[in-house]
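Right, one structure below, let's go through it.
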Amino acid sequence: SQAKADAGFLLLANAETLSRASDEATALPPPWPDHRPAYANWLAQRSEPLRRARAALQARIDADVARAETDDDARRYLRHALDRLDRDFAAFFGADGPHARVARALQRIDGHFAPLAAQHAARWPATTAAIAASDGKAASRAYRGLRLPPLGGLVPLGADPATGLHEFLALATHEPGYALPRRDGDGRIASEAGTGLVLVLLPAGRMEQGARRNAPGGDGNDEFAADDELRGGDVVLDAFLIGRTELTQAHWRRLVGAALRADDPQRPVTNVDHVTARAVLQQHGMDLPTEAQWEYACRAGRRDRWSSGPLREVAATVGWFAPALQPVGLLPPNGFGLCDLHGNAAEWCRDVVAPYEAAPARRGDGLREPRGAAADVQHAVRGGAWHEGPDRARCTARDKRPPGTRDAAIGVRPVRLLPAARG
Numbered sequence: 004s005q006a007k008a009d010a011g012f013l014l015l016a017n018a019e020t021l022s023r024a025s026d027e028a029t030a031l032p033p034p035w036p037d038h039r040p041a042y043a044n045w046l047a048q049r050s051e052p053l054r055r056a057r058a059a060l061q062a063r064i065d066a067d068v069a070r071a072e073t074d075d076d077a078r079r080y081l082r083h084a085l086d087r088l089d090r091d092f093a094a095f096f097g098a099d100g101p102h103a104r105v106a107r108a109l110q111r112i113d114g115h116f117a118p119l120a121a122q123h124a125a126r127w128p129a130t131t132a133a134i135a136a137s138d139g140k141a142a143s144r145a146y147r148g149l150r151l152p153p154l155g156g157l158v159p160l161g162a163d164p165a166t167g168l169h170e171f172l173a174l175a176t177h178e179p180g181y182a183l184p185r186r187d188g189d190g191r192i193a194s195e196a197g198t199g200l201v202l203v204l205l206p207a208g209r210m211e212q213g214a215r216r217n218a219p220g221g222d223g224n225d226e227f228a229a230d231d232e233l234r235g236g237d238v239v240l241d242a243f244l245i246g247r248t249e250l251t252q253a254h255w256r257r258l259v260g261a262a263l264r265a266d267d268p269q270r271p272v273t274n275v276d277h278v279t280a281r282a283v284l285q286q287h288g289m290d291l292p293t294e295a296q297w298e299y300a301c302r303a304g305r306r307d308r309w310s311s312g313p314l315r316e317v318a319a320t321v322g323w324f325a326p327a328l329q330p331v332g333l334l335p336p337n338g339f340g341l342c343d344l345h346g347n348a349a350e351w352c353r354d355v356v357a358p359y360e361a362a363p364a365r366r367g368d369g370l371r372e373p374r375g376a377a378a379d380v381q382h383a384v385r386g387g388a389w390h391e392g393p394d395r396a397r398c399t400a401r402d403k404r405p406p407g408t409r410d411a412a413i414g415v416r417p418v419r420l421l422p423a424a425r426g
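So for the sequence shown, the numbering used here puts the first residue at 4; every next one is plus one.
Written out as structure tokens, the structure reads:
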């Protein structure tokens, strides 16, 4: 009886510790150099004691089998339960388990993120000073004195000479050992397979979301607008960072720790469902944009159907409407220096789709959260895809998909909120 009680206690105690350790691993902050202690502490205080506990459990199972003189129901139940717990330990310490994920993240911090961040730490004081000055030379006046602290996991790349908006390299998407992104003759950052995602710091602003209709010559009038594009109302947005391009195959595989495939690493990653996209991005301090953030970024201060203006034939010069997905960043950018917002891969947004009037936009990030949303909610998709044509890729055009959808024409453009703007 005492042996059975001891085995039951071992089962319950270790099952609870395993569950808590897994939850804590999932809740670890993004793997940036300043978060290194959290990863090291988890390995030392959670993973290593569990490794020792696993050895004790295995010895307990072996001893139980060896001395078994009877095989009553209680003993069989305990043995099965202990075996099940041993399988849980094996999963915890397996190649894709919490221990391996945390250990790999710590290795990347020490071998990649921390050295690169330290090498370029001197860029931050000049960057924050330029943005705070907002003098129209070293940084756009639109920042209006924004106080930007140094941000973990990013390396400043300076301002785009055409827009005055500052750009930053997301280290988690950058190939270890690869040089920082370079600028071409026009001052634009070149897209290369080894280069990580570039995030553009957009200024705070206000916009009237959506389109108007039946108002020829009026600001924002669009006769192509569907009913769900109307009555968006005013939205006030805080400054935020957004991907200069869509996430590429190479970026995504670095985020999830997978090997690169032989196909073109510069094409947008697709076939990623909404739930997975958010989970992976949040592990690295990013997220999907709200519809309001996406539209604000796409329009770049304009009220035309496309970021290039009102003409369909001109839209084809800034958006891919070709026979297939194309590498990112090859076409001219919009007024914020962002590429591929029209066509190529359509892009997930955070929001559950509902009529604008049914869900007011939250101040700061514009998120719309309709009350009493049904279980079969659908999330917003923006920008149109390569096979849908320019009309489906207008700045205000809305599409939607169930959150589990994996579509070869839907990709991801991340955003990152500033510390004071997190909600």
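Note that beta-carbon positions come from the ideal geometry of N, C-alpha and C, so glycine has one too.
Going by the C-beta, is R209 closer than 6 Å to any heavy atom of the ligand ADP?
-> Absence of the ligand ADP is noted for the structure shown, with no ligands found whatsoever.
Whole-angstrom C-beta distance between V384 and A349, which should lie under 8 Å = Translated into the one-based positions of the sequence shown, residue 349 becomes position 346. Translated into the one-based positions of the sequence shown, residue 384 becomes position 381. Contact flag correct, Cβ pair sits at about 5 Å.
Local Cβ density within 10 Å of R425, reported as buried at 16 or more and exposed below that | As a working note, residue 425 is residue 422 in the sequence shown. Caution is warranted here: a pLDDT of 45 is assigned to R425, below 50, making its placement in the model unreliable, and the coordinate value is therefore given only provisionally. Burial call: exposed.
By Cβ distance below 7 Å, which residues in the same chain neighbour E360 in space, the five residues on each side in sequence not counted?
-> As a working mapping, residue 360 is identified with position 357 in the sequence shown. Excluding sequence positions up to five before and after E360, its CB lies within less than 7 Å of the CB of R234, all in the same chain and listed in chain order.
Does the separation of the CB atoms of T176 and G199 fall below 7 Å?
-> Counted from its first residue, the sequence shown places residue 176 at position 173. Counted from its first residue, the sequence shown places residue 199 at position 196. Yes, these two residues count as a Cβ contact at 7 Å.
Any idea if G288 is buried or exposed, counting beta-carbon neighbours within 10 angstroms, 16 or more meaning buried?
-> For the purposes of this step, residue 288 is identified with residue 285 of the sequence shown, where counting begins at 1. G288 is buried by the Cβ-count criterion.
For P40 and L119, the rounded distance between their alpha carbons = The sequence position of residue 119 within the sequence shown is 116, counting from 1. The sequence position of residue 40 within the sequence shown is 37, counting from 1. The straight-line gap from Cα to Cα measures roughly 18 Å.
Residue from A319, P34 and D225 whose Cα sits closest to the Cα of P335 | The residue labelled residue 335 in the question sits at position 332 within the sequence shown. Ranking the options by Cα distance to P335, first place goes to A319.
Would you mind stating whether P417 and L204 have Cβ atoms separated by less than 7 Å?
-> Here residue 417 refers to the residue found at position 414 when the sequence shown is read from its first residue. Here residue 204 refers to the residue found at position 201 when the sequence shown is read from its first residue. Not a contact, by the Cβ cut-off of 7 Å.
Endpoints, the alpha helix (DSSP H) within which A173 is located = Within the sequence shown, the letter at position 170 stands for residue 173. Note, A173: premise wrong, no alpha helix (DSSP H); beta strand (DSSP E) at H169 to A173.
Could you spell out the range, first to last residue, of the alpha helix (DSSP H) harbouring E316?
-> Within the sequence shown, the letter at position 313 stands for residue 316. R315 to A318 is the span of the alpha helix (DSSP H), which, as asked, contains E316.
How far does the alpha helix (DSSP H) with V283 in it reach, from first residue to last?
-> As a first step, residue 283 must be located in the sequence shown, where it is residue number 280. Element bounds for V283: H277 to Q286.
Any 3 or more C-beta pairs closer than 8 Å across the region 365-376 and the region 270-279 | no
Candidates A362, L60 and H115: which alpha carbon is nearest T231's?
-> One-based indexing of the sequence shown puts residue 231 at position 228. Inspection of the sequence shows that residue 231 is occupied by Asp rather than by Thr. Closest by alpha carbon: A362.
Would you mind sorting H83 into buried or exposed? The rule is 16 or more other CB atoms within 10 Å of its CB.
-> Within the sequence shown, numbered from 1, the residue matching residue 83 stands at position 80. H83 is exposed by the Cβ-count criterion.
Using the beta-carbon count (16 or more within 10 Å), is G260 buried or exposed?
-> Residue mapping note: residue 260 aligns to position 257 of the sequence shown, counting from 1. Within a 10 Å sphere around the beta-carbon of G260 sit fewer than 16 other beta-carbons, which makes this residue exposed.
Is S143 buried or exposed, if buried means 16 or more other CB atoms sit within 10 Å of its CB?
-> The count along the sequence shown starts at 1 and reaches residue 143 at position 140. So S143 counts as buried.
Under 7 Å Cβ to Cβ from Q286, same chain only, skipping five residues before and after it: list those, please.
-> In the sequence shown, the residue the question calls residue 286 occupies position 283. Cβ neighbours of Q286 beyond the five flanking positions: P33.
How many Å lie between H382 and G97 at the Cα?
-> In the sequence shown, counting from the first residue as 1, residue 382 sits at position 379. In the sequence shown, counting from the first residue as 1, residue 97 sits at position 94. Straight-line Cα distance between these residues: approximately 34 Å.
Endpoints, alpha helix (DSSP H) assigned at I134 = Here residue 134 corresponds to residue number 131 of the sequence shown, with the count starting at 1. R126 to A136 is the span of the alpha helix (DSSP H), which, as asked, contains I134.
Assigned exposure category for D163 - 16 Cβ within 10 Å defines buried = Here residue 163 refers to the residue found at position 160 when the sequence shown is read from its first residue. So D163 ends up on the buried side.
Write down the C-beta distance between W297 and C342 rounded to the nearest angstrom, noting that I regard them as a contact closer than 8 Å.
-> Numbered from its first residue, the sequence shown carries residue 297 at position 294. Numbered from its first residue, the sequence shown carries residue 342 at position 339. Not really, about 14 Å apart at Cβ, beyond 8 Å.
Hey, how far is the Cα of H123 from the Cα of T251?
-> By 1-based counting over the sequence shown, the position of residue 123 is 120. By 1-based counting over the sequence shown, the position of residue 251 is 248. If I take the Cα positions, the gap works out to 24 Å.
Closest by CA to T293, which one among G223, L244, P101 and A18?
-> By 1-based counting over the sequence shown, the position of residue 293 is 290. Nearest to T293 by alpha-carbon distance, out of G223, L244, P101 and A18, is L244.
Confirm, please, whether the CB-CB distance from A18 to L88 is below 7 Å.
-> Position 85 of the sequence shown holds residue 88. Position 15 of the sequence shown holds residue 18. Yes, the Cβ-Cβ distance between L88 and A18 is below 7 Å.
What does a CB cutoff of less than 8 Å around V331 pick up in its chain, not counting 5 residues either side in sequence?
-> Along the sequence shown, one-based indexing puts residue 331 at 328. Only S194, T248, E249, T251, Q269, R270, P271, C342, D343 and N347 meet the Cβ criterion.
Where N337 falls, given that 16 or more other Cβ within 10 Å makes a residue buried = Here residue 337 refers to the residue found at position 334 when the sequence shown is read from its first residue. Buried: at least 16 other Cβ atoms inside 10 Å.
Beta-carbon proximity list for P237, same chain, < 7 Å, skipping 5 on both sides = One-based indexing of the sequence shown puts residue 237 at position 234. Residue identity check: residue 237 is Asp in the sequence provided, not Pro. Answer for D237: R209 and E211, listed in chain order.
Count the other CB atoms within 10 Å of the CB of T130; is the residue buried (16 or more) or exposed (fewer)?
-> Translated into the one-based positions of the sequence shown, residue 130 becomes position 127. The residue in question, T130, is buried, as its Cβ has 16 or more Cβ neighbours within 10 Å.
Helix, strand or coil at H382 [DSSP, three-state] | Here residue 382 refers to the residue found at position 379 of the sequence shown. It is a strand residue.
Straight-line gap, A262 to G114 (C-alpha atoms, nearest Å) | Here residue 262 refers to the residue found at position 259 of the sequence shown. Here residue 114 refers to the residue found at position 111 of the sequence shown. Roughly 18 Å between the two C-alpha positions.
Output the distance between the C-alpha atoms of A242 and F92, rounded to the nearest integer angstrom.
-> Along the sequence shown, read from residue 1 onward, the residue named residue 242 stands at position 239. Along the sequence shown, read from residue 1 onward, the residue named residue 92 stands at position 89. Answer to the nearest angstrom: the Cα atoms are 44 Å apart.
Output the boundary residues of the alpha helix (DSSP H) element that contains E1.
-> Outside the shown range of the chain (4 to 426) lies residue 1, about which nothing can therefore be said.
Please specify which runs of the alpha helix (DSSP H), each continuous and at least 4 residues long, are wholly inside the region 190-249, giving them in chain order.
-> Segments of the alpha helix (DSSP H) lying fully in the region 190-249: there are none.
What did DSSP end up calling R419 once you bin it into helix, strand or coil?
-> As a position in the sequence shown, residue 419 is number 416, starting the count at 1. R419 falls in the strand class under three-state DSSP.
Just mark Q329 as buried or exposed, buried being the case when its beta carbon has 16 or more other beta carbons within 10 Å.
-> Translated into positions along the sequence shown, residue 329 becomes position 326. Counting other Cβ atoms within 10 Å of its Cβ, Q329 reaches 16 or more and is therefore classed as buried.
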